[in-house]
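Structure, as structure tokens:
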Amino acid sequence: MTQVEFTASELDEILLRQKHAYKQDPFMSKEVRVDNLHKLERILKQHQSEICQAIHEDFGSRTVTETSLLEVFTSIESAVDARKKLSKWMKPKRRSTSIWFKPAKNRLIPQPLGSVGIMVPWNYPLMLAISPMVTAMAAGNRIMVKMSENSQRLCRVLANAFAQEFDQTEICFVAETGDTGPTFARLPFDHLIFTGSTATGKKVMAAAAENLTPVTLELGGKSPAIVAKDYPLKKALSRILGGKSYNSGQTCVAPDYLLIPEESLEETIKLAKAIIAKRFAKKEVTELTSIIDEPSYERLMSKLEDAKEKGADVINLLPKSEPNDQTRQMAIHLVVNPTDDMTVLQREIFGPILPIVTYKSLDEVYQYIGERDRPLALYLFTNDKAVKQEVLHSTISGGVAINDVMVHVAQHDLPFGGVGASGIGNYHGRDGFESLSKMKPVMHQSSVTFSSLLLPPYSGFAKRMVNFLVNRKLHLPERSK
555 MTQVEFTASE LDEILLRQKH AYKQDPFMSK EVRVDNLHKL ERILKQHQSE ICQAIHEDFG
615 SRTVTETSLL EVFTSIESAV DARKKLSKWM KPKRRSTSIW FKPAKNRLIP QPLGSVGIMV
675 PWNYPLMLAI SPMVTAMAAG NRIMVKMSEN SQRLCRVLAN AFAQEFDQTE ICFVAETGDT
735 GPTFARLPFD HLIFTGSTAT GKKVMAAAAE NLTPVTLELG GKSPAIVAKD YPLKKALSRI
795 LGGKSYNSGQ TCVAPDYLLI PEESLEETIK LAKAIIAKRF AKKEVTELTS IIDEPSYERL
855 MSKLEDAKEK GADVINLLPK SEPNDQTRQM AIHLVVNPTD DMTVLQREIF GPILPIVTYK
915 SLDEVYQYIG ERDRPLALYL FTNDKAVKQE VLHSTISGGV AINDVMVHVA QHDLPFGGVG
975 ASGIGNYHGR DGFESLSKMK PVMHQSSVTF SSLLLPPYSG FAKRMVNFLV NRKLHLPERS
1035 K
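Whatever position you read off the sequence shown (first residue = 1), add 554 for my numbering.
Laid out in structure tokens, this is it:
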């Protein structure tokens, strides 16, 4: 069995060995990077069954189909995409040269940073380990991956599988043993990627600051889903409830609350009940993914109880199935007419609970969203071009999907990341490659250069030239009155 539990000194030693290996090969060739990505794909395909079983056991219940779709498939696809585009990403990029310095030439060279640390949450433990790993690997870096305390079985499966293809100077998996997280965050990585809560993200950033380690933080938040008056309500709800069902709502980009026109409330409830009833007409409720652990389950049940006590209508969309305390499985619950003092509107829900907030005008929507922390995602359902433009200009979020939910995360050529309280930095695809590279600016001076005439001590010509450069006439627009 591959070692996954390490002391602080052992983690230091592994990182030192990775940094030494980097110095021996500071610019990993394209061929080696492509081969590493091939190895990663092979690992995921050959160990798919073990991976799905480990995640199922770590959760308590999660179907093979859900894990295969949401994590195995997306992870393999990200590796395939990076492998195909790597030549283009690695190619030096030309930059323009100031007219005063021509014929010099400028370019950017993407150079590996060294060693990248990845701190993985429990909700998508495979994808959120592999996706940043792919971009770190494509950028030519060495990698240490710290898994969640709720992903112990998966951690061991991945560590054993990767050890067959990579040694610790290339990739190392680390299990959480109780206080591993803070120790890991304080290691002097060349870049650190963390996915998790805003509160923990602040601690990770503070720990990384001790070594001036740059960080990418993906922190989630309360992502709104807005249904405009022109959009078919049934279609919108079908997609919103579908996204909320994945992983039982335990997704950082899950729609956290629903904003609908005031006059559509009754129809929304009616349609939501019908959509879920139809989906589960011939399916067992036991196929629902379990809430990850007892504290999380109790937190969600407490949110529902708090909403009821404060006057909201709480509607179980599968009334034949009440939340199961033993398996921690629960269907989607609507919270109708929530108020700001209810806990469902105060922090990210991270579970199968969907508050419904009504609005009279889009101005109310902008104000409502603007008064809260900037979300990781925003979902808008409309076919009106003017509404699309207005919402995009009037709100700010990490990313946007129009007429669907969550699918923007699977677009390899779009950066993924938050803004403000929902995160810092981006990864995925080219943006991830560049985030985990030093985009080194290089200026190549020509044999003949104008600047050689402007060296101290300054001649009369140099003084006249400087005066010309500073005071030459520019074609500026007239000042508006």
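Positions of the beta carbon are idealized from the N, C-alpha and C atoms, including for glycine.
Heavy atom of the ligand PLP within 7 angstroms of residue i beta-carbon
i, result
"A782", "Annotation note on the ligand PLP: not contained in the displayed structure, which lists no ligands."
Where the beta strand (DSSP E) through residue i begins and ends
i, result
"M1019", "M1019 -> not in any beta strand (DSSP E); alpha helix (DSSP H) instead, spanning 1014 to 1025."
"Q600", "Q600 -> not in any beta strand (DSSP E); alpha helix (DSSP H) instead, spanning 584 to 600."
"Y913", "907 to 913"
"R648", "647 to 649"
"M701", "From DSSP, M701 is part of no beta strand (DSSP E); its letter is neither H nor E."
The alpha helix (DSSP H) enclosing residue i, as first and last residue numbers
i, result
"Q943", "939 to 948"
"I568", "562 to 578"
"I630", "628 to 644"
"N714", "706 to 717"
"V618", "618 to 621"
"M687", "681 to 692"
"S856", "848 to 863"
Cα-Cα separation, residue i to residue j
i, j, result
"A608", "L741", "28 angstroms"
"E817", "E876", "29 angstroms"
"L624", "S583", "31 angstroms"
"V898", "T936", "26 angstroms"
"I794", "L569", "43 angstroms"
"G732", "E703", "8 angstroms"
"G974", "R926", "11 angstroms"
"E611", "D967", "33 angstroms"
"L888", "T881", "21 angstroms"
"F727", "M698", "6 angstroms"
"D917", "E820", "22 angstroms"
"S976", "R1026", "47 angstroms"
"I814", "G671", "41 angstroms"
"P675", "I846", "11 angstroms"
"D744", "A683", "17 angstroms"
"H601", "M855", "36 angstroms"
"H947", "Q900", "25 angstroms"
"E859", "A940", "40 angstroms"
"M1019", "P1010", "13 angstroms"
"S1013", "F1004", "14 angstroms"
"T651", "R616", "55 angstroms"
"T912", "Y851", "27 angstroms"
"H592", "L640", "13 angstroms"
Contact belief for residue i with residue j at Cβ below 8 angstroms, rounded distance in angstroms
i, j, result
"N801", "E620", "7 angstroms"
"A779", "L812", "5 angstroms"
"L871", "A861", "Incorrect: roughly 15 angstroms between the Cβ atoms, too far for contact."
"L990", "A693", "4 angstroms"
"N677", "Q883", "With 8 angstroms as the limit, N677 and Q883 do not qualify as a contact, their Cβ atoms being about 16 angstroms apart."
"I956", "L930", "Between L930 and I956 the Cβ distance is about 16 angstroms, and since that is not below 8 angstroms, they are no contact."
Those residues which DSSP pairs with residue i across a bridge
i, result
"N870", "H887"
"R928", "None; R928 has no bridge partner."
"F935", "V781"
"Q665", "K992"
"K659", "H998"
"V670", "I697, H745"
"N878", "Q883"
Minimum Cβ-Cβ distance from residue i to chain B less than 8 angstroms
i, result
"N801", "Although the question refers to chain B, the structure presented lacks it and comprises just one protein chain."
Checklist line | Length at least 3, wholly inside the segment 778 to 842: the beta strand (DSSP E) runs in chain order | finding: 809 to 815
Next item on the list: Taking only runs that begin and end inside the segment 727 to 782, name each unbroken beta strand (DSSP E) of 3 or more residues, in chain order.
Entry: 745 to 749, 769 to 772, 777 to 781
Check: Going along the chain, which unbroken runs of the alpha helix (DSSP H) with 4 or more residues stay wholly within the segment 944 to 1018?
Finding: 983 to 989
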